[in-house]
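This report concerns only the one structure given below.
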Amino acid sequence: VQNVYNVNKQGIAVLEDKSKELPHWILSAMKCLANWPSCSELKQPTYSGFERDVFKTIVDYFGQIKEPLLTFHFFDVFVSVLGLLQKHSKAVEALQISCLLLPPENRKRLQLLVR
1 VQNVYNVNKQ GIAVLEDKSK ELPHWILSAM KCLANWPSCS ELKQPTYSGF ERDVFKTIVD
61 YFGQIKEPLL TFHFFDVFVS VLGLLQKHSK AVEALQISCL LLPPENRKRL QLLVR
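For the sequence shown, position 71 (counting from the first letter as 1) is numbered 71 according to full-length UniProt numbering, and the numbering increases by one without interruption.
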């Protein structure tokens, strides 16, 4: 079913580039942290500071990426949105529109982070 949507003009299935997707281990770390501490059925370690270690792993991964999720190219756009914070509804709308300008892989990663 997936290949129905990923075809070229000749109708041949085109493989998606998986190199820009987040690694499975980072997605697992984000899921673990999102459900912490209420998700005890996942058999997570219970030592003191476990959640800090998971968070540090996520921070380290995103810290080593060449370009930030909110790209340098759109820095001024996002700074301008910060100026609208007093007008909450306008700020939310401006932020949503600004996020649409991001490259698709950045937008997807950002969406996963803010869930």
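No residue lacks a Cβ here, since even glycine has one placed at the ideal position from N, Cα and C.
V1 to Q10 span [Cα, whole Å]
Annotation note: pLDDT 48 at V1 (below 50); position unreliable, no value reported.
If I follow the unbroken alpha helix (DSSP H) through Y61, where does it start and stop?
F50 to G63
Of the residues S98, V81, L110 and L100, which one's Cα is nearest the Cα of A91?
V81
Quick check on R52: buried or exposed, where buried means 16 or more other Cβ atoms within 10 Å of its Cβ?
exposed
Return the bridge partner residues of V92 from the DSSP annotation.
In the DSSP output, where bridge partners are listed per residue, V92 has none listed.
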